[in-house]
Amino acid sequence: MRKIPIIKEDAYQVNENKIWFKKWWPDNVPKNVKFDEKTINQFLDAQVEKFSDQNFIWFLETWVTYRQFHDYVLSLATALHDLGVKKGDVVAMLMGNCIQYVVSYFAITRIGAIASGINPTYKPLEILHQLDITNAKFLIAYDAFFDEKSKSRIKKNLPYIGEILGKSPVEKVIYTNLADLAHGLGFKRKLGKKVGKIPTGKVDVPGAVNFMDLLDTKPNVPEVDIDVKTHPVTYIMTGGTTGLPKAAVLTHFNAVANAE
Numbered sequence: 229m230r231k232i233p234i235i236k237e238d239a240y241q242v243n244e245n246k247i248w249f250k251k252w253w254p255d256n257v258p259k260n261v262k263f264d265e266k267t268i269n270q271f272l273d274a275q276v277e278k279f280s281d282q283n284f285i286w287f288l289e290t291w292v293t294y295r296q297f298h299d300y301v302l303s304l305a306t307a308l309h310d311l312g313v314k315k316g317d318v319v320a321m322l323m324g325n326c327i328q329y330v331v332s333y334f335a336i337t338r339i340g341a342i343a344s345g346i347n348p349t350y351k352p353l354e355i356l357h358q359l360d361i362t363n364a365k366f367l368i369a370y371d372a373f374f375d376e377k378s379k380s381r382i383k384k385n386l387p388y389i390g391e392i393l394g395k396s397p398v399e400k401v402i403y404t405n406l407a408d409l410a411h412g413l414g415f416k417r418k419l420g421k422k423v424g425k426i427p428t429g430k431v432d433v434p435g436a437v438n439f440m441d442l443l444d445t446k447p448n449v450p451e452v453d454i455d456v457k458t459h460p461v462t463y464i465m466t467g468g469t470t471g472l473p474k475a476a477v478l479t480h481f482n483a484v485a486n487a488e
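So for the sequence shown, my numbering puts the first residue at 229; every next one is plus one.
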């Protein structure tokens with residue numbers, strides 16, 4: 229990592245007069261490390277600038293380049309803003325590993341909202357608890373989770389959330405299918421849904437929006453002022469070993485430091 233001058237007033241810096249630095253500390257190991265102060269999307273933009281035509285994500289026989297991924301993010305960020313998502317709002321993501329999850333994370337945080345991923349193996353009451361504790365106003369989730377009779381959902385023991393939505397703070401639902409952006413599957417995408425290998429279901433929620441429709445939005449992302457050291461980028465639930473799971477807060481500064 230490139231060297232950045234240490235500013236002593238940074239609260240996260242360690243006092244270099246501590247006793248363990250006096251005698252035993254190796255000469256070739258820095259006592260402090262300085263991290264870039266930028267948002268997670270500024271970090272992404274820098275990578276896109278350097279590696280735009282290189283592959284970024286591989287999922288279900290589909291490659292997504294940095295540039296293509298960035299285009300998805302800008303379109304979705306604009307669409308979310310148009311739907312009413314604003315700085316400080318929490319958008320929950322009830323999905324497993326897929327292209328849409330990563331796109332959603334960066335789109336949500338790009339407009340100053342807070343992303344909160346929900347474990348797709350949670351039971352409905354566990355999902356409701358996370359929606360409540362984070363006060364999530366928006367939910368992005370797989371279509372199968374909304375269909376009580378979905379055979380592919382039942383077969384894979386995935387949760388049905390239709391009964392808990394009305395008890396949650398969620399005001400707007402966005403739905404997607406696991407394979408929506410897996411264009412590399414070709415005909416196997418339709419076949420996988422038909423035979424139940426790809427969970428799918430009907431969404432009968434008033435005002436629900438199709439994720440893929442949002443990606444057709446012309447990018448026009450609003451400028452948002454973000455204090456990287458104080459503004460949350462995500463809420464991650466704890467394990468709940470001493471009670472109900474709680475929301476751990478990570479800032480943009482935390483996320484970038486982890487990535488670097």
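Backbone N, C-alpha and C fix where the C-beta goes; we use that ideal spot for every residue, glycine too.
Original post:
Less than 8 Å separating the beta-carbons of GLY412 and TRP291?
Top reply: By one-based count along the sequence shown, residue 412 stands at place 184. By one-based count along the sequence shown, residue 291 stands at place 63. Yes, the pair counts as a contact, with Cβ atoms nearer than the cut-off.
Subject >> Host alpha helix (DSSP H) of SER344 (start-end) >> reply: By one-based count along the sequence shown, residue 344 stands at place 116. That residue, SER344, is in no alpha helix (DSSP H); its beta strand (DSSP E) goes 342 to 346.
**OP:** Alpha carbon to alpha carbon, how far is LYS246 from ASN363? Give it in angstroms, no decimals.
**Re:** For the purposes of this step, residue 363 is taken as residue 135 along the sequence shown, with counting starting at 1. For the purposes of this step, residue 246 is taken as residue 18 along the sequence shown, with counting starting at 1. Cα to Cα, the separation comes out at about 42 Å.
Original post:
Buried or exposed: which applies to GLU255, given that a residue is buried once 16 or more other Cβ atoms fall within 10 Å of its Cβ?
Top reply: Taking the first residue of the sequence shown as 1, we reach residue 255 at position 27. Note that residue 255 is Asp in the sequence shown here, rather than Glu. Under this definition ASP255 is an exposed residue.
Original post:
Count the other CB atoms within 10 Å of the CB of HIS480; is the residue buried (16 or more) or exposed (fewer)?
Top reply: Against the sequence shown, residue 480 aligns to sequence position 252. By the 10 Å Cβ count, HIS480 comes out buried.
Original post:
Looking at the structure shown, is PRO473 part of a helix, part of a strand, or coil, going by DSSP?
Top reply: What you label residue 473 is simply residue 245 of the sequence shown in a count that begins at 1. Coil, per DSSP.
**OP:** Tell me, please, whether the stretch 305 to 318 touches the stretch 446 to 461 by the rule of three or more beta-carbon pairs shorter than 8 Å.
**Re:** yes
**OP:** Go through its chain and collect everything with a Cβ distance to LYS384's Cβ below 7 Å, but skip five positions before and after it.
**Re:** Locating residue 384 in the sequence shown gives position 156, counting from the first residue. For LYS384, where only same-chain residues beyond five positions count, the Cβ hits under 7 Å are PRO427.
Original post:
DSSP puts THR479 in a beta bridge; with which residues?
Top reply: If you number the sequence shown from 1, residue 479 lands on position 251. Partner(s): PRO460.
Original post:
Any heavy atom of the ligand FAD within a distance shorter than 7 Å of the CB on GLY414?
Top reply: Ligands in the displayed structure: none, and consequently the ligand FAD is not present.
Subject >> Cα-Cα separation between LEU472 and PRO352, rounded to whole angstroms >> reply: Within the sequence shown, numbered from 1, the residue matching residue 472 stands at position 244. Within the sequence shown, numbered from 1, the residue matching residue 352 stands at position 124. The straight-line gap from Cα to Cα measures roughly 14 Å.
**OP:** Just the C-alpha distance for LYS231 and ALA485, rounded to the nearest angstrom, thanks.
**Re:** Position 3 of the sequence shown holds residue 231. Position 257 of the sequence shown holds residue 485. Because LYS231 carries a pLDDT of 46, less than 50, the predicted location of this residue cannot be relied on, and the following value inherits that uncertainty. If you take the alpha carbons of LYS231 and ALA485, they lie about 14 Å apart.
Original post:
DSSP beta-bridge partners for LEU225?
Top reply: It is not possible to answer for residue 225, since the shown part of the chain is limited to 229 through 488.
Original post:
My guess is that PHE373 and LEU386 are in contact by the Cβ rule of under 8 Å, so how many angstroms apart are they, rounded?
Top reply: In the sequence shown, counting from the first residue as 1, residue 373 sits at position 145. In the sequence shown, counting from the first residue as 1, residue 386 sits at position 158. PHE373 to LEU386, Cβ: 7 Å. Contact.
**OP:** Grab the span of the beta strand (DSSP E) containing VAL433 for me, first residue to last.
**Re:** By 1-based counting over the sequence shown, the position of residue 433 is 205. From DSSP, VAL433 is part of no beta strand (DSSP E); its letter is neither H nor E.
Original post:
Is the beta carbon of VAL318 less than 8 Å from the beta carbon of ILE342?
Top reply: Mapped onto the sequence shown, residue 318 falls at position 90. Mapped onto the sequence shown, residue 342 falls at position 114. Yes.
Subject >> C-alpha distance - LYS259 paired with TYR463, whole-angstrom precision >> reply: Position 31 of the sequence shown holds residue 259. Position 235 of the sequence shown holds residue 463. One C-alpha to the other measures close to 30 Å.
Subject >> Limits of the unbroken beta strand (DSSP E) element including THR293 >> reply: The residue you call residue 293 lines up with position 65 of the sequence shown. Start and end: 290 to 293.
Subject >> Delimiting residues of the beta strand (DSSP E) encompassing PHE439 >> reply: As a working note, residue 439 is residue 211 in the sequence shown. Careful: PHE439 lies outside any beta strand (DSSP E), inside the alpha helix (DSSP H) at 439 to 442.
Subject >> Reference PHE287; option with closest CA among ALA369, TYR329, ASP441, MET321 >> reply: As a first step, residue 287 is located in the sequence shown; it is residue number 59 there, counting from the start. Nearest C-alpha to PHE287: TYR329.
Subject >> Cut-off 7 Å between Cβ atoms - residues of its own chain near VAL242, not counting five sequence neighbours on either side >> reply: Counting from 1 along the sequence shown, the entry for residue 242 is found at position 14. These residues qualify, in order along the chain: LYS259, ASN260.
Subject >> Straight-line gap, GLU265 to LYS418 (C-alpha atoms, nearest Å) >> reply: Here residue 265 corresponds to residue number 37 of the sequence shown, with the count starting at 1. Here residue 418 corresponds to residue number 190 of the sequence shown, with the count starting at 1. Approximately 44 Å, taken between the alpha carbons.
**OP:** Pull up the distance between the alpha-carbon of LEU359 and that of GLN275, whole angstroms please.
**Re:** Residue mapping note: residue 359 aligns to position 131 of the sequence shown, counting from 1. Residue mapping note: residue 275 aligns to position 47 of the sequence shown, counting from 1. Going by the C-alpha atoms only, they are around 32 Å apart.
**OP:** Classify MET229 as helix, strand or coil using the three-state DSSP reduction.
**Re:** Taking the sequence shown and counting its residues from 1, one reaches residue 229 at position 1. Note that MET229 has pLDDT 39, beneath the 50 cutoff, so the model's placement of it is unreliable and the number below is only indicative. MET229: coil per DSSP, three-state reduction.
**OP:** Use the C-beta contact count for PRO233: other C-beta atoms within 10 angstroms, 16 or more gives buried, fewer gives exposed.
**Re:** By 1-based counting over the sequence shown, the position of residue 233 is 5. Residue placement at PRO233 cannot be trusted, given a pLDDT of 47 that sits under 50; the coordinates are not used to answer.
Subject >> Candidates LEU409, GLY424, THR349: closest to LEU388 by CA position >> reply: Position 160 of the sequence shown, counted from the first residue, corresponds to residue 388. A quick correction: the sequence has Tyr, not Leu, at residue 388. Ranking the options by Cα distance to TYR388, first place goes to THR349.
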